[in-house]
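Protein sequences appear in the order of chains A and B.
Mapping to the working numbering: the first sequence position 286 is 286, numbers consecutive.
Mapping to the working numbering: the second sequence position 82 is 82, numbers consecutive.
There are 2 protein chains.
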Amino acid sequence: MTNEVIDREAAAERLLSRSVAEVIVRDDLKKKLLGPRPLRIKLGVDPTRPDIHLGHLVCFRKLREFQALGHKVVVIIGDWTARIGDPSGRSVQRQMMTAEEVEHNAQTYLDQFFKVVDTAQAEIFKQSTWFEDFSLTDVISLTSKYTVARMLEREDFAIRYSQGSPIAITELLYPLLQAYDSVAIKADVEIGGTDQTFNLLVGRDIQRDFGLEPQNILTLPILVGTDGVQKMSKSLDNYIGVNESPNEMYGKLMSIPDSAIGDYFRLLTDVPLEEIDQMLAAAAAGEVNPRDLKDRLAVQIVTGLHDAGAAEEARNEFDRVFRQHALPDDIEEVDVARETPLISLLVETGLARSRNDARQLINGGGVRLDGEKLIDPEASVVLTEAAVLQAGKRRWRRLIPRD
Amino acid sequence: MTNEVIDREAAAERLLSRSVAEVIVRDDLKKKLLGPRPLRIKLGVDPTRPDIHLGHLVCFRKLREFQALGHKVVVIIGDWTARIGDPSGRSVQRQMMTAEEVEHNAQTYLDQFFKVVDTAQAEIFKQSTWFEDFSLTDVISLTSKYTVARMLEREDFAIRYSQGSPIAITELLYPLLQAYDSVAIKADVEIGGTDQTFNLLVGRDIQRDFGLEPQNILTLPILVGTDGVQKMSKSLDNYIGVNESPNEMYGKLMSIPDSAIGDYFRLLTDVPLEEIDQMLAAAAAGEVNPRDLKDRLAVQIVTGLHDAGAAEEARNEFDRVFRQHALPDDIEEVDVARETPLISLLVETGLARSRNDARQLINGGGVRLDGEKLIDPEASVVLTEAAVLQAGKRRWRRLIPRD
Chain A
1 MTNEVIDREA AAERLLSRSV AEVIVRDDLK KKLLGPRPLR IKLGVDPTRP DIHLGHLVCF
61 RKLREFQALG HKVVVIIGDW TARIGDPSGR SVQRQMMTAE EVEHNAQTYL DQFFKVVDTA
121 QAEIFKQSTW FEDFSLTDVI SLTSKYTVAR MLEREDFAIR YSQGSPIAIT ELLYPLLQAY
181 DSVAIKADVE IGGTDQTFNL LVGRDIQRDF GLEPQNILTL PILVGTDGVQ KMSKSLDNYI
241 GVNESPNEMY GKLMSIPDSA IGDYFRLLTD VPLEEIDQML AAAAAGEVNP RDLKDRLAVQ
301 IVTGLHDAGA AEEARNEFDR VFRQHALPDD IEEVDVARET PLISLLVETG LARSRNDARQ
361 LINGGGVRLD GEKLIDPEAS VVLTEAAVLQ AGKRRWRRLI PRD
Chain B
1 MTNEVIDREA AAERLLSRSV AEVIVRDDLK KKLLGPRPLR IKLGVDPTRP DIHLGHLVCF
61 RKLREFQALG HKVVVIIGDW TARIGDPSGR SVQRQMMTAE EVEHNAQTYL DQFFKVVDTA
121 QAEIFKQSTW FEDFSLTDVI SLTSKYTVAR MLEREDFAIR YSQGSPIAIT ELLYPLLQAY
181 DSVAIKADVE IGGTDQTFNL LVGRDIQRDF GLEPQNILTL PILVGTDGVQ KMSKSLDNYI
241 GVNESPNEMY GKLMSIPDSA IGDYFRLLTD VPLEEIDQML AAAAAGEVNP RDLKDRLAVQ
301 IVTGLHDAGA AEEARNEFDR VFRQHALPDD IEEVDVARET PLISLLVETG LARSRNDARQ
361 LINGGGVRLD GEKLIDPEAS VVLTEAAVLQ AGKRRWRRLI PRD
């Protein structure tokens, strides 16, 4: 074998193994990965949630591996399935997003997406391309191919049905419509989180019913958030956004619990698995400070999403602020009255979300004025010149007294 | 009150009581029946089954009662729901009938329908009027209004689901589509057999969801067939077709079991209920021959669907053949060989469906040649001149020997 053949074989093996939860059907997919025909790798995107975080990056990185082997990424903007909602069922039959909203959200998503994925090897479709003119005949044809019982086997449906929680008939359409996308674009592979396995399997069934070869499926593990416990998600506020500044990104990555370091390295970097195991072993033996591992992780990720210079600056800034307890360079300035009750001041300047929040910050010892801790929630602040008000570890305002 | 008011009140009361299984909501419907606004009374028709029998007549007669009170009948030709099939589920996603087939079957149905119902107070719609351009948006809107659990409460679905028999998702659309018909035509009332109650109730729900006042519902009892046991149906061959000849109709009505006489009078004639009770009591006491009651019944029904003269002739013909054992006038002639094995002869002439059937007829003593019973299944028939071959009580062929 030539070196190139050996390399491709190794790349395919890595694609199918690293950061992968399940592959259906592995042998078939491996053969096709190495075959001459460029495969069409489908990714469905919910345009109601255009904010991308590192959890999505796991998927984007995998798509890039497909592209490295010469395959094509096909993005589906789910402007129709977004109307139904999946899988919570809390808001069945949402309003149709306007074309402008879809366009805007899709563009926001894709701007972030193409930081990782090669735009030259990608196609983008909106579902409206085929669902705009989907007739009742088409619906009858599609729904005739699947039974109620099989659909209710989906775990969340099964739980809700057994608990007597309502499932609108529309919701049974969701997996069928997204499955039809695989027919429309002739997907060879569909990729998604482990929570999507059922839907991706419906895609296989429906493609077969429409006389196509069923797509292979590759599911990816779910990344935990910065809390190290729950799935990374915007609504849990434990996420790191792809669009965040180098400083924010670096700082948040330095804040993850040690237990998450391994997963973040495996899912978000190219560091070889053996090397990751060695690092973790060294940290466990007390030979390495976990903080140094997180620094390496953070530099790699910030470099990937911004650049090496930005990563270096973010590290320096972080060191200056946290190791040397210095102030950051770019503190926001706010005009304030010369005398203000402390609680009001915290709320006004946006350092506290509410008066209650302000009170808790003060009682928790998290409020400082020019480095001096303020502990009386009933105090007023009297300023004769500019001063820095700090709330918690990483938030400041430079107060400018006005007349 | 004037006489007219009293008459209308009595007619409404009769409409809501006689030959009625259930009325939802009775008080509301009665008020509207007597109100000034002409109501729209919906009847859904399956164009795959255009053959009408006396079972349908129960419904048509009830529609005529609505018309007598000034209300309008709205017939829906179910050319779209016919594609899905309800409720057996044996043949999900049938082919769409061609426009010609729908037209032909609908016309066949309506020709029979308008023997009873007043065409001047009726409107006819095909579902394609609104489903031809039904979009995926419309489907999503419609299916979002109903839950899977409520749909699976329908008795046949519940049974099939609990037995593990497949229910295609399409089948859940059936009740919703026919319910949408009630929205499209703004039905005030829907009428149907007791087996349609669930579907008619879905109509109420969906109308409400679309901001309309929910239709009232009137269900009718199911007529037993000439066997006196099972629902009258073409497939069970226990039916009397509306298009049958006066002789056939009269003869079949004379053949119903005595136990069915009461129901047939109540559901298919205007004879007052008290009078029917008196007749049945007299028959039970042995004071009246049930045969005479059936004659009255048969004459009334044949008169209604043909005319009094035809009924009189049918009665005379029946008497001649059955009471006096004479032959009917119109025996079909068949050319046959001069010598034929009896079994072949029965099959050839169409008197038996198969050789097995022929053998059973002979063994059962049901085969006669010119009135003489033939009991040997292995016999051959040798003819020198025309002769009448009889199978069972009411089927004959005049055999014409040919060279």
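Even for Gly, the Cβ is constructed at its ideal location relative to N, Cα and C.
- Taking the C-beta atoms as reference points, Pro290 (chain A) is found nearer than 8 Å to Asp258 (chain A).
- Of all alpha-carbon atoms in A:Val388, A:Arg355, A:Asn356, A:Ala358, the one lying nearest the alpha-carbon of Gly371 (chain A) is that of A:Val388.
- With fewer than 16 other Cβ atoms from the protein chains shown falling within 10 Å of its own Cβ, Arg338 (chain B) counts as exposed.
- For the C-beta of Ile140 (chain A), the chain B residues within less than 8 Å are, from N- to C-terminus, Arg83, Ile84, Gln93, Thr170, Leu173.
- Remark: C-beta atoms of Lys42 (chain A) and Ser182 (chain A) approach each other more closely than 8 Å.
- For Asn289 (chain B), there is no enclosing alpha helix (DSSP H), as DSSP marks it with neither H nor E.
- Residue environment analysis places Ser17 (chain B) among the exposed positions, since fewer than 16 neighbouring C-beta atoms fall within 10 angstroms of its C-beta.
- By DSSP's assignment, His56 (chain B) forms no beta bridge with any residue.
- Taking a Cβ-Cβ cut-off of 8 Å, the neighbours of Met151 (chain B) in chain A comprise Ile169, given in sequence order.
- Within chain B, Pro166, Ile167, Ala168, Ile169 have C-beta atoms less than 8 Å from the C-beta of Thr147 (chain A), given in sequence order.
- A Cβ of chain B is located within less than 8 Å of the beta carbon of Trp80 (chain A).
- Rounded to whole angstroms, Ser144 (chain B) and Tyr174 (chain A) show a C-alpha spacing of 12 Å.
- Listed by position along chain A, the residues whose Cβ is nearer than 8 Å to that of Phe131 (chain B) are Leu136.
- One finds Val148, Ala149 in chain B with Cβ atoms closer than 8 Å to the Cβ of Tyr161 (chain A), taken in chain order.
- Around the CB of Thr194 (chain A), fewer than 16 other CB atoms lie within 10 Å, so the residue is classed as exposed.
- One thing to note: Thr147 (chain B) has its Cβ within 8 Å of the Cβ of Ile167 (chain A).
- With respect to Met249 (chain A), Ile240 (chain A) sits close: the two C-beta atoms are nearer than 8 Å.
- Annotation: the continuous beta strand (DSSP E) that includes Gly44 (chain B) extends over 40-45.
- The segment 307-323 of chain A makes no contact with the segment 128-143 of chain A; the number of CB pairs closer than 8 Å stays below 3.
- By the C-beta criterion, the segment 67-77 of chain A is judged to be in contact with the segment 34-41 of chain A, since at least 3 inter-stretch pairs fall below 8 Å.
- Taking 8 Å as the cut-off, the beta carbon of Pro246 (chain A) is found no closer than this to the beta carbon of Ala187 (chain A).
- In the DSSP assignment, Gln390 (chain B) is bridged to B:Arg368, B:Trp396.
- Straight-line measurement puts the Cα of Glu101 (chain A) at about 29 Å from the Cα of Phe198 (chain A).
- The Cβ-Cβ distance between Ile191 (chain A) and Lys373 (chain A) does not fall below 8 Å.
- Separation of His104 (chain B) and Ala21 (chain A) (C-alpha to C-alpha, rounded to the nearest whole angstrom) is 58 Å.
- By the neighbour-count definition (other C-beta atoms within 10 Å, threshold 16), Ser19 (chain A) is a buried residue.
- Ile217 (chain B) counts as buried, since at least 16 other C-beta atoms from the protein chains shown sit within 10 angstroms of its C-beta.
- Taking all protein chains in view, the Cβ of Val382 (chain B) is surrounded by fewer than 16 other Cβ atoms within 10 Å, so the residue is classified as exposed.
- Taking all protein chains shown into account, Thr226 (chain B) has 16 or more neighbouring C-beta atoms within 10 Å of its C-beta and is therefore buried.
- Spanning the alpha carbons of Val116 (chain B) and Phe60 (chain B) requires a straight line of approximately 6 Å.
- Around the beta carbon of Gln278 (chain A), fewer than 16 other beta carbons sit within 10 angstroms, so the residue counts as exposed.
- Burial is judged here by how many other beta carbons sit within 10 angstroms of a residue's own beta carbon; Glu65 (chain A) has at least 16 and is buried.
- DSSP places Asp357 (chain B) in the helix class (H, G or I) of the three-state scheme.
- The secondary-structure analysis by DSSP pairs Lys231 (chain A) across a beta bridge with A:Val224.
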